[in-house]
Each structure stands twice: as structure tokens, then as C-alpha cells.
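Since the structure comes first, as C-alpha cells, the remarks are kept for the end.
Number of protein chains: 2
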Amino acid sequence: MKRKSAVTSRDVAERAGVSQSAVSRCFSPKASISEKTKLKVLKAAKELGYRPNSIARSLITRSSRTIALVLSHLDNMFYPLVVEKASLRFQAEDYHLLLFVVPEEGDFAGVMDSILQSQVDGILMMSASLTSSLAHECVETGIPVVLINRNVDFAGISQVYSDNYHGGYWVGSYLAMGGHERVAYLAGLESSSTSRHRYQGLVDGLASMGQQCQVVAQGDYDFERARLATLRLFAEPPYPDAIFAASDHMAVAVMETLRTDLGRRVPEDVSVIGFDDTPIAAWPSYRLTTVRQPVDRMVEEATALLLKQIRQGDFNAENRVLPVTPILRHSARQPAREPVTD
Amino acid sequence: MKRKSAVTSRDVAERAGVSQSAVSRCFSPKASISEKTKLKVLKAAKELGYRPNSIARSLITRSSRTIALVLSHLDNMFYPLVVEKASLRFQAEDYHLLLFVVPEEGDFAGVMDSILQSQVDGILMMSASLTSSLAHECVETGIPVVLINRNVDFAGISQVYSDNYHGGYWVGSYLAMGGHERVAYLAGLESSSTSRHRYQGLVDGLASMGQQCQVVAQGDYDFERARLATLRLFAEPPYPDAIFAASDHMAVAVMETLRTDLGRRVPEDVSVIGFDDTPIAAWPSYRLTTVRQPVDRMVEEATALLLKQIRQGDFNAENRVLPVTPILRHSARQPAREPVTD
DNA sequence: GCACACAATGAATACGATTGCAAAATTGAG
DNA sequence: CTCAATTTTGCAATCGTATTCATTGTGTGC
Numbered sequence: 005m006k007r008k009s010a011v012t013s014r015d016v017a018e019r020a021g022v023s024q025s026a027v028s029r030c031f032s033p034k035a036s037i038s039e040k041t042k043l044k045v046l047k048a049a050k051e052l053g054y055r056p057n058s059i060a061r062s063l064i065t066r067s068s069r070t071i072a073l074v075l076s077h078l079d080n081m082f083y084p085l086v087v088e089k090a091s092l093r094f095q096a097e098d099y100h101l102l103l104f105v106v107p108e109e110g111d112f113a114g115v116m117d118s119i120l121q122s123q124v125d126g127i128l129m130m131s132a133s134l135t136s137s138l139a140h141e142c143v144e145t146g147i148p149v150v151l152i153n154r155n156v157d158f159a160g161i162s163q164v165y166s167d168n169y170h171g172g173y174w175v176g177s178y179l180a181m182g183g184h185e186r187v188a189y190l191a192g193l194e195s196s197s198t199s200r201h202r203y204q205g206l207v208d209g210l211a212s213m214g215q216q217c218q219v220v221a222q223g224d225y226d227f228e229r230a231r232l233a234t235l236r237l238f239a240e241p242p243y244p245d246a247i248f249a250a251s252d253h254m255a256v257a258v259m260e261t262l263r264t265d266l267g268r269r270v271p272e273d274v275s276v277i278g279f280d281d282t283p284i285a286a287w288p289s290y291r292l293t294t295v296r297q298p299v300d301r302m303v304e305e306a307t308a309l310l311l312k313q314i315r316q317g318d319f320n321a322e323n324r325v326l327p328v329t330p331i332l333r334h335s336a337r338q339p340a341r342e343p344v345t346d
Numbered sequence: 005m006k007r008k009s010a011v012t013s014r015d016v017a018e019r020a021g022v023s024q025s026a027v028s029r030c031f032s033p034k035a036s037i038s039e040k041t042k043l044k045v046l047k048a049a050k051e052l053g054y055r056p057n058s059i060a061r062s063l064i065t066r067s068s069r070t071i072a073l074v075l076s077h078l079d080n081m082f083y084p085l086v087v088e089k090a091s092l093r094f095q096a097e098d099y100h101l102l103l104f105v106v107p108e109e110g111d112f113a114g115v116m117d118s119i120l121q122s123q124v125d126g127i128l129m130m131s132a133s134l135t136s137s138l139a140h141e142c143v144e145t146g147i148p149v150v151l152i153n154r155n156v157d158f159a160g161i162s163q164v165y166s167d168n169y170h171g172g173y174w175v176g177s178y179l180a181m182g183g184h185e186r187v188a189y190l191a192g193l194e195s196s197s198t199s200r201h202r203y204q205g206l207v208d209g210l211a212s213m214g215q216q217c218q219v220v221a222q223g224d225y226d227f228e229r230a231r232l233a234t235l236r237l238f239a240e241p242p243y244p245d246a247i248f249a250a251s252d253h254m255a256v257a258v259m260e261t262l263r264t265d266l267g268r269r270v271p272e273d274v275s276v277i278g279f280d281d282t283p284i285a286a287w288p289s290y291r292l293t294t295v296r297q298p299v300d301r302m303v304e305e306a307t308a309l310l311l312k313q314i315r316q317g318d319f320n321a322e323n324r325v326l327p328v329t330p331i332l333r334h335s336a337r338q339p340a341r342e343p344v345t346d
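These protein sequences, in sequence, are chains A and B.
In this text, residue positions in the first sequence follow this note's numbering: the first is 5, and each later residue adds one.
In this text, residue positions in the second sequence follow this note's numbering: the first is 5, and each later residue adds one.
Right under this line is the structure:
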């Protein structure tokens, strides 16, 4: 079997009877080349099966046209959706995503190291929180970083996330208006700022109606841990009459556990509210009341922001907070009248 | 804001008082370098924040340590699982995945073009069927290609898939033994060989018990289309008493539709069997009887195969067919006695 | 037909590493 | 201490392209 594309721009040049520069110019959009030679070159290129070597191009242009996509778990359907959309969006601009999966125990520094070596033009993070020293390292090397659905208190890093606080706030007031008196919060990972903001919103939303959050359990955005947490919540009275889960993925785990292991009905015995509005939330078996994150807009903003920063080189970090939308379905007892969202 | 890692091996060399070659050797695992100078160099490197430029390395070594991962949809949970595992597996070998998403309408040739330009060391395909001309192109450039969960009749391309035929066969005999008489098959994409093999197995499995498949509907591996297909199956009698869906994802769509729109009970009125055994299949709401694909083994075989082919350069295409496992849950009426699987 | 602007071309260099080769330094044996 | 064997080191070439610069060619207005 033969070795890889041994055919270079020089080979094409020779065959077409022009210089290597001419060949190069045929594949650069804005280079100055006559129509006549361009045709000769393209003909020769096709005959030889020539394709510009993007590695060499990257070396000279100092741009790999590659974005590092950093993530940890793909079990929550929210992330695959983002991955797919983001990849298509970047491909349209002739950029490609290089995948970096941070393992459970998170040797994040190691991953960061290989990212930095890989000469990516930008970093899109939708995973594990960035420690500030690593953030510092990124900013220092001048690589644009955009966090999506995550945030970190560090100037110089751009962030795109949805309005977690007001999403939580809506849930709080909605549950309070629905007459719930023992509301539980099923939190995501402790390191997750999104989970904290949702919680803070919940607390304030409840407070606005004279209620408070009675108990917090840890679900870590994981299906099985959410199940266990639910069982713990119902280990002994007083039992919650509503559970707000920090993701739909966990909310589904809660519903399954309530119905099966605990023999509770949703929403008659316990109300359940999620966050994200993944496709599963709409399935008839769940009909999950939830808070929709605008995935398309998030991806759009994140890619646009990243591309902008890559292109202008000199940039300032920006934060984009996108509005969420309450989705009223049937997993939570409805208030007598519509809630006021603020 | 500064430009990227302006620090090169030359800078490090100067600071450490050695030649640039020496610096390079410090970062090559098997190069000959004395302990003393290695320390000097590493010290200087750390002080300057030096990281080898992997683009330059790729150019000279003619290896990008990058694998193209080609996929189309991520909505079936089977694929995100594969992506995550494969990425971790390759990272462990210091390879990384470059994502190529084939859009719905599948401008596959265009995608293939950018893959070839990107100088990847190998291609892992879990998407849209490869047309034979494109396959030819791959083989010609000498890039190893492994199809996972897909196959194509073309020598020179390696394939890793599970035993779809026998999976289907088991389903057929199991349904027949359960006394079903009007079995429907909900197919995946028409171009999908896996779907065809599962169907063939189903037909033969049914035949082995003197039954046959009564009707085939097209679900294209898509949730919504599977819903519509199910509605069509029940538009007028005679109604199926069992549906075998080519994926769990579609099987869930079927169950939801049966229960909600059609008021049928599963499995009392209609049996449903899926394929894959994604996590969702085990959820109490579905308890889906299904055929498990060995995801871990598939990923393991595929990565091992690809790496082997990359390393030895001269290789022969191989096919690996992995055994599937029937998972008996409660979405299909059980036969009186255990079925004989062959 | 001439001067001038401007487009098209080729030669040469740079990008940042790896690596073969030969010189230099180190080691070991006698 | 000397000489051979071995390891360490630096020089220089290379990978395949983009791009600057100087040069040649083409067309335009007078």
C-alpha cells in the first residue's frame, strides 16, 4: 500500500509548467492569478489528485483553523446537541473541532497541556470548571476562550450562558404559587456555577412568595446519583412535595424513581421541574415542566464570539447572558393563575 | 494582548545555552540526550513556558496524530457514548479526534474533501454510508479507514460491527415463540446496511418458527419519523401485534406513540423490541426488551484496528463482527419457555 | 507609439520542528 | 595514560506551503 498524498504543490507546478507560487495562489482565495494559468494549474491538480496540505499551510499562516472542544460527559442530551450544532457552525466557516474529553477524575491540567500544544485557534469549553491558574495560562498565550453553559470569575475569558438565576427564580415562584411547601433542590456538580445560580434563583423566587427551599441534595448531573439522591430525600419524613432538578436528565431520573421505587405520582404527590428542555422532556411519559435554554442561540453566540476574537486578535472578554423560557407541561402542579415572572 | 506562543525551541536553546536540536531531543521520547543537558533545557523551557509546536512536528513527521471522526446525528444516545469512549481511548494513545459532521442532506463528497486535506492519520466513520468511489479514494491515498457500526461492500476498508443478523434472528424467533402473528419491522435509513441485516435476521428468525414479517415501515432512525410510521402502522387493520425497531431510540418513539396516541398497552396489546441497549432502554418507564451491542468492545476493536493500521502502514482490511446479547425486559410478551437462540 | 499604472509571475525565504551525519566529548579497558 | 567504543551534540537539510519583493507582461489614455 502506498504512502500518503506524496503529491505536492511542486509536482503540480512542474506538470502545469508554472512556479510553485502560482499553484499556491490558485488555492488562496484572494491571491492575484490570471484565469489562464489558474485553469492550467487546476487541471494538473485534478489529474494528480492534489490537495493542499493543511498542516504546512497552518505552519506558515500560524493558524490551524481548529477549535478545541472541551467536554466531560455526553450522557446529558444537552451536550450532544451542542456538539453537533457547533461543529456544523464551525465547518461552515472552514474551522473544525478537535475533541478533548476530560476524564471523570479530571486531569484537567494534562488535557490543557495537550490543547496548548495542539495550536488550536480557539477553545470552546463546556465542561469542568476552569481553575483560575489555567485560565490565566490561556489568557497569557493569547488563545481566545469561550465558555458555554459554564462560567468562572476571571476577567479575560468570554462566557455564554443562559439566565440561570432567573430560570431558578421562575421555578421558585411557580412552585410557591402552586402551593408547594417543601421544595427540594437537586443540585448539579458542586463546582458548577450554573447549578449555584439556579439554586440562588430558586431561593429568591421562593422567598418572593414567602417560602424557602427546605433541602438540597447532590445529583452531580448524573442519572444514577440523582436516583440515589431522590431515594435519600424520601428516606424519612418530612417528604418534599416538589423537586427542582438542575437538569432535565436528573429530573427524569427523579420521576422514574418517584414512580417506581417510591410509588409516588407526578405531579399529584410530588411536582418535578427540570432545566434545559432537552427533547426527552417533551416525551409523553414525562411531559416535564422545565426551563428552556436557547441552545441554538447559545451556539450561535459562542461561535460568533470565538470567531470574532480569533479574527481580530486583540479582543476583550465578553459575557453573553441569554434569556430562558419557562416551558409549562404537566410534571408540576399548576398555580391557580399564571405566575408573574418577575 | 499578545500573540500566540512566540516561544520556540530556538528561544529555549539560547536560554539553556545549547543547540536547537538538543531542545528537540528533550521532547522526543527515544532520542539520545544526556541527563544534565536535559535538565538545563527543561528548566529553560518551563521558565519560558515553551511547548513544542505540534503543527511543525506533524509536518516533518508526516503524522498529525489526529483521527477524523465522521458522524451525522447525535440524537440517538448510542453515538454520544461511542464518541466519548473513542475520544478517551485515542487520547490515551496521544491521538485526538477531529470532528466532521455530515449534514442531513449529506454533501458527503465535500466533507471527504476536507478530511483528505486535513492530513488525518486515520478515519473513523460512524455515519452515512460511504459511496464506493469515496472508499476508493481513501484506499488510494493510503489512509486507514474503519467503519464502526456500518458497513460497505468494498475491499480495503475495515469494519467493526455487531452481529446484526443474529440479533435480528433472535428477535424473530423470540417474537414467534411469544405467539406473535403480525410482526412489523421499523427500519432505519434505507442506505443502512445494519438495518438491512437486522431485517434479514428477523425474517429468517421468524421463518424458523414458521412465521413471517408482515409489514415494514421506514423510521430512518429518527424519533419523529418513527412516531409517524407507528401511526401509519395503526391507521387501519390488521394491526401489528409486535414491532421490532432497528434502534432503541425508535423503539422508545414507538412505545410513546402506542401508549399515548393509540391507547395501546405494551406488551399486553403490542410487543416492542429495540436494538442497541442504550441507557434509556433500562429506564422503568420503558423496560425495553432489546439486543445489546457491545459498545465498549466495538470501540476497543475499532481503535485498536485503526491504530494498528496506522502504525504498520502496510495493512489489510479486516472485519470484526462482535456478538450481541439479547436483553430480556418487559416490553415484549415472553414465550412460555426460553427460546433457543440457534 | 509612449509613458504609466497595474496585474501576473517566479525566486527566495520563512514557519518550527525532526533527524541523518559527522565531530566532539565521555566512558571504559588495558 | 592511551586508544577504541560509545554517547552526546551541533550543523544542516527537510517537510509543503504562503508570501514578499523584484521583475516581467498587459492594457489604457494621450
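Glycine is no exception: its CB is placed at the ideal position from the N, C-alpha and C atoms.
- In terms of Cβ geometry, serine 76(B) and histidine 100(A) do not form a close pair [threshold 8 Å].
- Annotated three-state conformation of leucine 73(A) is strand, per DSSP.
- Counting only Cβ-Cβ distances below 7 Å, glutamine 95(B) has contacts in chain A at Val105, in chain order.
- With fewer than 16 other Cβ atoms from the protein chains shown falling within 10 Å of its own Cβ, glutamine 316(A) counts as exposed.
- Excluding five sequence positions before and after leucine 311(A), the CB atoms of its chain that fall closer than 7 Å to its own CB belong to Glu97, given in chain order.
- Residues of the segment 310-338 of chain A with a C-beta atom less than 8 Å from some C-beta of chain B are Gly317, Asp318, Phe319, listed in chain order.
- Within the segment 218-289 of chain A, the complete alpha helix (DSSP H) runs of at least 4 residues fall at 227-237, 252-264.
- Proximity of the segment 155-167 of chain A to the segment 70-86 of chain B falls short of the contact definition, fewer than three beta-carbon pairs being nearer than 8 Å.
- Residue contact with chain A for asparagine 57(B): present (Cβ-Cβ distance below 8 Å to some residue of chain A).
- Methionine 302(B) and leucine 190(A) have their C-alpha atoms spaced approximately 35 Å apart.
- Interface flag for valine 87(A) against chain B is set, since a Cβ pair is found closer than 8 Å.
- Between alanine 233(A) and glycine 223(A) the beta-carbon gap is near 5 Å, inside 8 Å, which marks them as a contact.
- The residue among Ser196(B), Thr135(B), Val220(B), Pro327(B) with its C-alpha nearest the C-alpha of valine 207(B) is Val220(B).
- Collapsing the DSSP output to three states places glutamine 95(A) in a helix.
- Below 8 Å, enough C-beta pairs join the segment 272-288 of chain B and the segment 232-246 of chain B to call them touching: three or more.
- The C-beta distance from glycine 192(A) to tyrosine 225(A) rounds to 4 Å, short enough to meet the 8 Å contact threshold.
- Between the C-alpha atoms of glutamate 322(A) and leucine 103(A) there is a straight-line separation of about 24 Å.
- In terms of Cα proximity to asparagine 153(A), the closest of Pro330(A), Gly214(A), Arg268(A), Arg324(A) is Arg324(A).
- Straight across, the Cα-Cα distance linking proline 327(B) with tryptophan 174(B) is about 12 Å.
- Within chain B, no residue has its beta carbon less than 9 Å from that of proline 33(A); the closest one is some 15 Å off.
- For glutamine 123(A), the neighbours in chain B by C-beta distance under 7 Å run, in chain order, Asn57, Ser58, Ile59.
- Against chain B, the CB of arginine 229(A) has no partner CB under 8 Å away; the residue lies outside that interface.
- Using a Cβ-Cβ cut-off of 7 Å, serine 199(B) is close to nothing in chain A; its nearest Cβ partner there is about 21 Å away.
- Collapsing the DSSP output to three states places glutamine 163(B) in a strand.
- In summary, the residues of the segment 251-267 of chain B whose CB is separated from some CB of chain A by less than 9 Å are Val256, Ala257, Met259, Glu260, Thr261, Arg263, Thr264, Asp265, in the order they occur in the chain.
- Burial check for arginine 268(A): the Cβ neighbour count within 10 Å reaches 16 or more, so the residue is buried.
- Residues of chain B with a Cβ closer than 9 Å to the Cβ of proline 288(A) are, in chain order, Glu260, Thr261, Arg263, Thr264, Asp265.
- The three-state reading of DSSP puts phenylalanine 319(A) in coil, since its state is none of H, G, I, E or B.
- Taking a beta-carbon distance threshold of 8 Å, proline 84(B) counts as an interface residue toward chain A.
- Looking at the DSSP output, glycine 126(B) sits in a beta bridge with Ile71(B).
- Among the residues facing chain B, leucine 63(A) is included, as its CB has a counterpart in that chain under 8 Å away.
- A straight line joining the alpha-carbon of glycine 176(B) with that of alanine 250(B) spans about 13 Å.
- If only complete runs of 4 or more residues are kept, the segment 160-210 of chain B shows the alpha helix (DSSP H) at 168-181, in order along the chain.
- Across the structure, glutamine 215(B) and alanine 188(B) are spaced so that their CA atoms are roughly 12 Å apart.
- Residue contact with chain A for histidine 184(B): absent (no Cβ-Cβ distance below 8 Å to any residue of chain A).
- Annotated as distal: leucine 43(A) and valine 150(A), with beta-carbon spacing of 8 Å or more.
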